[in-house]
Amino acid sequence: DTGVSQDPRHKITKRGQNVTFRCDPISEHNRLYWYRQTLGQGPEFLTYFQNEAQLEKSRLLSDRFSAERPKGSFSTLEIQRTEQGDSAMYLCASSQTGAGALNPYGYTFGSGTRLTVV
Amino acid sequence: SQQGEEDPQALSIQEGENATMNCSYKTSINNLQWYRQNSGRGLVHLILIRSNEREKHSGRLRVTLDTSKKSSSLLITASRAADTASYFCATDARSNYQLIWGAGTKLIIKP
Chain F
1 DTGVSQDPRH KITKRGQNVT FRCDPISEHN RLYWYRQTLG QGPEFLTYFQ NEAQLEKSRL
61 LSDRFSAERP KGSFSTLEIQ RTEQGDSAMY LCASSQTGAG ALNPYGYTFG SGTRLTVV
Chain E
1001 SQQGEEDPQA LSIQEGENAT MNCSYKTSIN NLQWYRQNSG RGLVHLILIR SNEREKHSGR
1061 LRVTLDTSKK SSSLLITASR AADTASYFCA TDARSNYQLI WGAGTKLIIK P
């Protein structure tokens, strides 16, 4: 297992189209996170899974966004009817537990999917 | 809204010099983490410091935490060209699964 994998690395889509991104976490990690990052800014939390359960969603995640993690393994993030404001880097991360006393190693991030909506 | 604020926004130094970056945050935390991001890539975890710790070392990295001032600093000693990247602090102010990030410090090491 070489880390967190995200696919595709880059996606260019026309406004109004639907897009889907995939994230394969480290296999032993039961926690999976999606973040969004725009140029020159830090990441913003989107959603969090523990195993297959989606336990938290940010208010940034409008009804056009949906995320799944079937069987607690890989995860997908779908954006419907894309808008130019959706252009960003979408980052996936995984961890064995939350960062803290039991996990001094933080989260392992993938290389991200850069979405450009034209 | 962002919890952390890094300072400076950008830093350019000569190879071999030390680089210091600061992070301030607004609410109480359990821990604070520093990450590095190379241009267009994902984030790499550098170090985590808990709220009951004041200083932590990892190789050429030294992190301090002052909870009374709600601030942290990251020191990179003997900088190398490969250290060129953006550095972010992140806190668990809301929960241990929702990290709150600053806007980062862009560090450039000149050969």
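Chains F and E, in that order, are what the protein sequence lines are.
Here the working numbering is used: position 117 in the first sequence is 117, and no number is missing along the way.
Take any residue in the second sequence, count from 1 to its spot, add 1000: that is its number in the working numbering.
Cβ coordinates follow ideal geometry from the N, Cα and C atoms, glycine included.
Predicted model only: the values in this text are computed from it and were never measured.
Supposed close pair residue i, residue j - CB separation, criterion 8 angstroms
i                       : j                       : result
residue 4 of chain F    : residue 109 of chain F  : 6 angstroms
residue 1030 of chain E : residue 1051 of chain E : 6 angstroms
residue 48 of chain F   : residue 1097 of chain E : 5 angstroms
residue 76 of chain F   : residue 83 of chain F   : Contact flag wrong, Cβ pair sits at about 19 angstroms.
residue 50 of chain F   : residue 31 of chain F   : 6 angstroms
residue 1018 of chain E : residue 1075 of chain E : 6 angstroms
residue 1105 of chain E : residue 1006 of chain E : 4 angstroms
residue 106 of chain F  : residue 1033 of chain E : 5 angstroms
residue 1053 of chain E : residue 1043 of chain E : 22 angstroms between Cβ atoms; not a contact.
residue 1025 of chain E : residue 1070 of chain E : 5 angstroms
residue 113 of chain F  : residue 6 of chain F    : 5 angstroms
In DSSP terms, what residue i is bridged to
i                       : result
residue 37 of chain F   : F:89
residue 50 of chain F   : F:31, F:53
residue 1106 of chain E : E:1010, E:1086
residue 1019 of chain E : E:1076
residue 44 of chain F   : F:36
residue 1037 of chain E : E:1043, E:1086
residue 1031 of chain E : E:1050
residue 1092 of chain E : DSSP lists no partner for residue 1092 of chain E.
residue 97 of chain F   : For residue 97 of chain F, which the question treats as bridged, DSSP gives no partner whatsoever.
residue 113 of chain F  : F:90
Three-way DSSP call (helix, strand, coil) for residue i in this model
i                       : result
residue 84 of chain F   : helix
residue 71 of chain F   : helix
residue 107 of chain F  : coil
residue 8 of chain F    : coil
residue 1 of chain F    : Annotation note: pLDDT 49 at residue 1 of chain F (below 50); position unreliable, coordinate value reported separately. Residue 1 of chain F falls in the coil class under three-state DSSP.
residue 1060 of chain E : coil
Buried or exposed (CB count within 10 angstroms, at least 16 for buried), residue i
i                       : result
residue 12 of chain F   : exposed
residue 1 of chain F    : Confidence at residue 1 of chain F is low in this model, with a pLDDT of 49, below 50, so the placement of that residue is unreliable and no value is reported for it.
residue 1001 of chain E : Caution is warranted here: a pLDDT of 41 is assigned to residue 1001 of chain E, below 50, making its placement in the model unreliable, and the coordinate value is therefore given only provisionally. Its Cβ having fewer than 16 others within 10 Å, residue 1001 of chain E is exposed.
residue 16 of chain F   : exposed
residue 62 of chain F   : exposed
residue 33 of chain F   : buried
residue 59 of chain F   : exposed
residue 1068 of chain E : exposed
residue 1055 of chain E : exposed
residue 90 of chain F   : buried
residue 118 of chain F  : exposed
residue 1086 of chain E : buried
residue 42 of chain F   : buried
residue 1027 of chain E : exposed
residue 1080 of chain E : exposed
residue 1099 of chain E : buried
residue 44 of chain F   : buried
residue 1091 of chain E : buried
residue 1058 of chain E : exposed
Within chain F, partners of residue i - CB distance below 7 angstroms
i                       : result
residue 1102 of chain E : 42
residue 1042 of chain E : 91, 109, 110, 111, 112
Within chain E, partners of residue i - CB distance below 8 angstroms
i                      : result
residue 115 of chain F : Neighbours of residue 115 of chain F on chain E: none; closest Cβ ~13 angstroms, over 8 angstroms.
residue 65 of chain F  : By Cβ distance, chain E contributes nothing, its closest Cβ being about 16 angstroms from residue 65 of chain F, past 8 angstroms.
residue 75 of chain F  : What residue 75 of chain F touches in chain E: nothing, since even the nearest Cβ is about 14 angstroms away.
Interface partners of residue i on chain F, CB under 8 angstroms
i                       : result
residue 1025 of chain E : By Cβ distance, chain F contributes nothing, its closest Cβ being about 12 angstroms from residue 1025 of chain E, past 8 angstroms.
Amino acids of chain E, ordered along the chain, whose beta-carbon sits closer than 9 angstroms to that of residue i
i                     : result
residue 45 of chain F : 1094, 1097, 1098, 1099, 1100, 1101
residue 68 of chain F : Ordered by position in chain E, no residue passes the 9 angstroms Cβ test against residue 68 of chain F, which lies about 17 angstroms from the chain.
Where residue i meets chain E, residues with beta-carbon distance less than 7 angstroms
i                     : result
residue 31 of chain F : 1097
Listed by chain order, chain F residues near residue i by CB distance under 9 angstroms
i                       : result
residue 1116 of chain E : This structure does not reach residue 1116 of chain E, given that chain E is present from 1001 up to 1111, and the question cannot be answered.
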